[in-house]
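So the structure is just underneath, and the comments pick up after that.
Residue numbers (our numbering): 81 to 317.
Set out below in structure tokens:
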């Protein structure tokens, strides 16, 4: 009971982008009391007798956080960006795009971490902020909760190509889409298991910036640029 106030879980450093600048919150080292070791130390002290007050120092172990301020301070360069347009007059679809963008905005991927759009975006429910809007199903357009979320996946996919991350999985639509060239779309479907996954194959943390406003959906990956300045890459489908 006396040790309880000094026990805490480790907490990763966090980062957000505010007014065009990164704001970093420090990490917190976790503390835990080794009850058995502390009890053994107290028993040993008590065995010396009770002629005066007995006290021992609790045996405390530390748990280091996974993400530190020093890691996040390396985030400074844009590695890849992409944007797509949408009809802001379609309220349901706009709501879904804003909801989806907010769910991936601020994600931090450490080296080797895998990003799954499914894990960030689901469940596609009204309670999770989504509305019914048009989506593809078996070669036709139907209304479904979260309709249009594939535009999030597609915009992320194209930014991934620009950043040259390792693509783990990506699925095409059953029909062409208006917001991306053929071969550059990425379908997202909870029922069929279609999911966009990629890995941060750099040696530095990556920050995901995403927003949807004024008819434009934008995704950017921030990290540490290590590619040569004179490097040329061509994209085609």
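For glycine and all other residues, C-beta sits at the position ideal for the given N, C-alpha and C.
Rounded to the nearest whole angstrom, the C-alpha separation of residue 216 and residue 272 is 12 Å.
The three-state reading of DSSP puts residue 287 in strand, counting E and B together.
Under the three-state reduction of DSSP output, residue 317 falls in the coil class, being neither helix nor strand. Residue pairing from DSSP places residue 225 in a beta bridge opposite 212.
In this structure, the straight-line span from the alpha carbon of residue 314 to that of residue 228 is close to 28 Å. Unbroken beta strand (DSSP E) runs of no fewer than 3 residues, entirely contained in the region 235–290, are found at 246–249 and 277–279, following chain order. Within the region 87–126, the complete alpha helix (DSSP H) runs of at least 4 residues fall at 115–126. The beta-bridge partner set that DSSP reports for residue 141 consists of 112. The beta carbon of residue 283 sits closer than 7 Å to the beta carbons of 191 from its chain, once the five residues preceding and following it are set aside; these are given in chain order.
Residue range 157–165 is occupied by the beta strand (DSSP E) that includes residue 165, with no alpha helix (DSSP H) assigned at that position. For residue 300, the uninterrupted beta strand (DSSP E) run begins and ends at 296–303, by DSSP. Non-local beta-carbon contacts of residue 107 in its own chain, meaning distances under 7 Å to residues more than five positions away in sequence, involve 91, 92, 93, 145, 147, 148 and 149 in chain order.
By the Cβ neighbour-count rule, residue 119 is exposed, with fewer than 16 other Cβ atoms within 10 Å of its own. Non-local beta-carbon contacts of residue 200 in its own chain, meaning distances under 7 Å to residues more than five positions away in sequence, involve 183, 184 and 187 in chain order. Taking 3 residues as the minimum length, the beta strand (DSSP E) runs contained wholly in the region 167–203 are 194–196, in order along the chain.
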